[in-house]
Amino acid sequence: MKHRTTAILTTLALTLSPILGACGSLSVPVAESRSDISTGDRPMTNEDLKWWQDTIAYEIYVKSFKDSDGDGYGDINGIISELDHLKRLGVGAIWLTPCYVSPQADNGYDIADYYNIDPSYGTMEDMDRLIEEAGKLNIRIIMDLVFNHTSDQNEWFLESASSKDNSKSDWYVWADPREDGSAPTNWRSFFGGSSWEYCESRGQYYLHTFLKEQPDLNWENPEVRKALCDVANFWVKKGVGGFRMDAITYIKKPAEFKDGTPDAGDGLVGIHSMTANTAGILDYLNEFKHTVQDGTDIFTVGEANGVSSKDLPDWVGENGVFDMVFEFGFVDIDLPDESNWCATRAWTLPDFKSIFTASEKTTSQPEINGWYPMFLENHDQPRSISHFLPEGADRVSGGKALGTLLLTMRGTPFLMEGEELGYVNVSWPSIDDYNDISTKNHYKFAIEEGYSEEEALAGVHRFARDSARTPMQWDSSENAGFTEGKPWLPVYDDYKTVNVDSEMADPDSVLNWYIKLSELRSAHRELVDGRYEELFHDDEKIFAYIRENASRKAIVLINFSTESASFDTSVVENAELLISTNDKSQKGTLAPLEAVIYEEVIVSL
Ligand code: GLC
Numbered sequence: 213m214k215h216r217t218t219a220i221l222t223t224l225a226l227t228l229s230p231i232l233g234a235c236g237s238l239s240v241p242v243a244e245s246r247s248d249i250s251t252g253d254r255p256m257t258n259e260d261l262k263w264w265q266d267t268i269a270y271e272i273y274v275k276s277f278k279d280s281d282g283d284g285y286g287d288i289n290g291i292i293s294e295l296d297h298l299k300r301l302g303v304g305a306i307w308l309t310p311c312y313v314s315p316q317a318d319n320g321y322d323i324a325d326y327y328n329i330d331p332s333y334g335t336m337e338d339m340d341r342l343i344e345e346a347g348k349l350n351i352r353i354i355m356d357l358v359f360n361h362t363s364d365q366n367e368w369f370l371e372s373a374s375s376k377d378n379s380k381s382d383w384y385v386w387a388d389p390r391e392d393g394s395a396p397t398n399w400r401s402f403f404g405g406s407s408w409e410y411c412e413s414r415g416q417y418y419l420h421t422f423l424k425e426q427p428d429l430n431w432e433n434p435e436v437r438k439a440l441c442d443v444a445n446f447w448v449k450k451g452v453g454g455f456r457m458d459a460i461t462y463i464k465k466p467a468e469f470k471d472g473t474p475d476a477g478d479g480l481v482g483i484h485s486m487t488a489n490t491a492g493i494l495d496y497l498n499e500f501k502h503t504v505q506d507g508t509d510i511f512t513v514g515e516a517n518g519v520s521s522k523d524l525p526d527w528v529g530e531n532g533v534f535d536m537v538f539e540f541g542f543v544d545i546d547l548p549d550e551s552n553w554c555a556t557r558a559w560t561l562p563d564f565k566s567i568f569t570a571s572e573k574t575t576s577q578p579e580i581n582g583w584y585p586m587f588l589e590n591h592d593q594p595r596s597i598s599h600f601l602p603e604g605a606d607r608v609s610g611g612k613a614l615g616t617l618l619l620t621m622r623g624t625p626f627l628m629e630g631e632e633l634g635y636v637n638v639s640w641p642s643i644d645d646y647n648d649i650s651t652k653n654h655y656k657f658a659i660e661e662g663y664s665e666e667e668a669l670a671g672v673h674r675f676a677r678d679s680a681r682t683p684m685q686w687d688s689s690e691n692a693g694f695t696e697g698k699p700w701l702p703v704y705d706d707y708k709t710v711n712v713d714s715e716m717a718d719p720d721s722v723l724n725w726y727i728k729l730s731e732l733r734s735a736h737r738e739l740v741d742g743r744y745e746e747l748f749h750d751d752e753k754i755f756a757y758i759r760e761n762a763s764r765k766a767i768v769l770i771n772f773s774t775e776s777a778s779f780d781t782s783v784v785e786n787a788e789l790l791i792s793t794n795d796k797s798q799k800g801t802l803a804p805l806e807a808v809i810y811e812e813v814i815v816s817l
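Each residue of the sequence shown is one higher than the one before, counting from 213 in the numbering used here.
Spelled out as C-alpha cells, the structure:
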C-alpha cells in the first residue's frame, strides 16, 4: 500500500492547603485552487482561510510528553527537543495543558500564578525559547486559560478568604450557610461531593465547580474580569497563537442559588445542570473577545460543555464569542450521566454521525461562517480506539480508521499526544494504580451508589482520564525514552512495540498513516476547505461523507465495524482511489475497519 500511495501522491505532485487549613514534513506540493472554493454553503477561497483553519493542532499533556531533566515529569525543554515529531505531522499549533505555577491538585488546572511557569516544567526563559523555536518551524503555542477557577493557593484566593473585608473579598463566589450551618445549595461538584466548602475565617462557604482546591472566580466583579484579560494579554504579548478556554461554560452563575432535584443517592444534583451556559455569559465572553483578541491573529477555542449545536451561532463564527468550541455531545454518547461511569448506554453509528453532522451543518451556515475543532480525544477522555470501536478492534486498523475521520472532517483537527501512535486505554488492576483525582472520586461514588468493586473498576477502565495521560512512548528503551528517572505515571506496557521510533520505521504503522493523511490535506485542498456532506446516514457500519470544493470532490468511507461492509458504488463512480488502509481495497466493499478516500476531479487544474 505504501508504494501505491506514494505513486499516487507523486503523480499528483507532478500534475498538481493551607489556606483552608484556613479554609511531517509537508513533502507533497500543494495543489492550490484559487477560485470559488466552497465550504458549507458559502463560496470561499483559500485566501479566506485563517492560519489556524489550515493547520493541525496537537495537544501536549506537558507532564507526560518528554522529560529533559530526569525528574520523571515532562517539561518545556523536553517539548523543544521533540518539535520535529510535530513538524512531520504537519502540526501548526500546540495546545499546552497548563504549565503555570500550581500545587497540582488537578494536574495544573489549579493555577496559583498565571504569570509564572511551574518549576517542575521549567522557567519563563524556557517558555520564551519554546515560543521562539516552535515559531521557527511555523508552529504556534496555544495556552490553556483556566479562568473559571484558580488554585486555593493563588494569592487572589488567599486574600479573598482571609476575611470578609479585604480588597479581593468579592473575587470568588461566597455564600452564607443555611440556618443549620449546612452548604447553601445541594450542588455536587464535578469531582464528587458538595460543590461548597466552608471557610472558617469568613464564616461562609465558597463555590467550587471542580475540586475544593479549585475555588470559582466571581466573574460578576469587573476587577476579576480585568485581571483575567490582563493575564491573557500578557501571553498575547509573548507571541502565543491562541487560547484554549477551560471549563468556560461555568463562569456565569445564576442570580439566585437554589437547590436542584437530587439525581443520585447522595441527595445532590450535578452542578452542570445548575450553572452551565447561564444566561448573561455571552456578555462576559464578548468583553473578553474584544479586550484580548481584537487586532490580533490569535484564535480561541472554548471548552464548551453544555453548549449544543443550536447554541453555536452565539458561540462561534464571526459573531460568536470564540473561533471554535469543543462540543461534547459525541464523547458522552455512551454515558448518560457524567458522574456515573458504571451506567453506560448502547449507541449506534448513525447516532454518532448525527452529532458531528448537526454541529458541522450549524457551524458552516453562511450566517455563522464558523469553524469546527475536530477531536476524538483529549486529556479528559478515554482513548478513542477503546471508546468508539467495537471491543476487540485491532489497534492498528482502528487507529488508522479513526485517524482518517479526525484528519478529513471539515475543521481543524486536534490530536491528543499518543493518538497518532494508536494508544488504547490502560486497564490497571487496582484503583490505587490510578493518579487522577476525578477517577478516584468516580470510583468512590460508584461504590457509594452500590456498585461492586469490580463494576466500579470496569467504569474506571472505560473512562479514566489517566488513559490519556500516560507518558509519551518515544522508543523501546527503559521508560519508553520519556524519562531517565521514574515516570510520574507508569508507561503503558505496550511501549516496546508502540513507540515513535518503531512506528516511524514501519510503513504500515498508525503514525505513518497520520503523516500520509497530513500530507494529503496539503495536496488535496478539498479536505481542508471543501464543504461537508454526510452519505449513507442509516448505515450502521460505515461513516461516509463528501468533502468538495469547486475543483475536487473527496469521498471518505470509514468502516467502524470489525466485519466487512458494502456500499453503493454510485457515489464513487467517477472517482479514483486516493488512499486506503487496505492494499486490496475494492470499490463497493470495505474490509473490517478499512478507511478509504476516493477523489473525483471536477475541474482540472
Ligand atoms: C477542564 C479540564 C480538566 C480539568 C477541569 C477543571 O475540564 O479539561 O482537565 O480537570 O477543567 O479545570
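Heads up, the beta-carbon is just placed ideally off N, CA and C, and yes, glycines get one too.
Query                                                                                                : Result
The segment 398-415 in contact with the segment 479-493 per 3-pair CB rule at 8 angstroms            : yes
Counterpart residues of H484 in DSSP-defined beta bridges                                            : For H484, which the question treats as bridged, DSSP gives no partner whatsoever.
Any beta strand (DSSP E) of 3 or more consecutive residues that is wholly inside the segment 631-695 : none
Rounded distance between the beta-carbons of R456 and V513, thought under 8 angstroms                : 5 angstroms
R759 and I814 closer than 8 angstroms at C-beta                                                      : no
Beta-carbon proximity check, R595 vs V636, cutoff 8 angstroms                                        : yes
Residue interval of the alpha helix (DSSP H) (run including I567)                                    : L561 to S576
A324: CB within 7 angstroms of a non-hydrogen atom of the ligand GLC                                 : no
K708 to Q685 span [Cα, whole Å]                                                                      : 9 angstroms
CB contact flag (A444, E515, <8 angstroms)                                                           : no
E515 Cβ short of 7 angstroms to the ligand GLC heavy atom set                                        : yes
Beta-bridge partners of N328, as assigned by DSSP                                                    : Paired residues: none, contrary to the question.
F422: CB within 7 angstroms of a non-hydrogen atom of the ligand GLC                                 : yes
Cβ pair A613, T793 closer than 8 angstroms                                                           : yes
C-alpha distance - W640 paired with K698, whole-angstrom precision                                   : 18 angstroms
Residue burial classification, S816 (beta-carbon count within 10 angstroms, cutoff 16)               : exposed
Of the listed residues R743, D780 and N360, nearest to H749 (C-alpha basis)                          : D780
DSSP-derived helix/strand/coil call for S245                                                         : In this prediction, S245 has a pLDDT of 29, which is less than 50 and means its spatial position is unreliable; what the coordinates show is noted afterwards. Correct three-state label for S245: coil.
Unbroken alpha helix (DSSP H) run spanning C441, endpoints                                           : P434 to K449
Buried/exposed call for R557, threshold 16 Cβ in 10 Å                                                : exposed
Residues bridged to H361 (per DSSP)                                                                  : D428
Selection from E391, T362, D713 and N691 that minimises the alpha carbon distance to K424            : T362
Helix, strand or coil at K799 according to DSSP, with G and I counted as helix                       : coil
8 angstroms contact criterion, which K464 and Y496 should meet: CB distance rounded                  : 6 angstroms
Beta-carbon spacing of I567, V528 below 8 angstroms                                                  : no
Cβ-based burial, F657 [other Cβ within 10 Å; buried from 16]                                         : buried
Exposure of S247, with buried meaning 16 or more beta-carbon neighbours within 10 Å                  : Any answer about S247 is weak, because its pLDDT of 28 lies below 50 and its placement is not dependable; what the coordinates show is given next. It counts as exposed.
Cross-strand partners of M355 (DSSP beta bridge)                                                     : L308 and F455
Residue environment, E244, which counts as buried when at least 16 other CB atoms sit within 10 Å    : Note on E244: pLDDT 30, under 50, position unreliable in the model; the coordinate value appears next. It is exposed - the Cβ of E244 has fewer than 16 other Cβ atoms within 10 Å.
Span of the alpha helix (DSSP H) around G611                                                         : R607 to T620
Residues bridged to Q416 [DSSP beta-bridge criterion]                                                : C411
Any non-hydrogen atom of the ligand GLC closer than 7 angstroms to D549 Cβ                           : no
E661 vs A476 beta-carbon contact at 8 angstroms                                                      : yes
Collapsed DSSP secondary structure at R390 in the structure displayed                                : coil
D307 vs E271 beta-carbon contact at 8 angstroms                                                      : A small correction: the amino acid at residue 307 is Trp; Asp does not occupy that position in the sequence shown. Yes.
C-alpha gap between T620 and E629, whole angstroms                                                   : 18 angstroms
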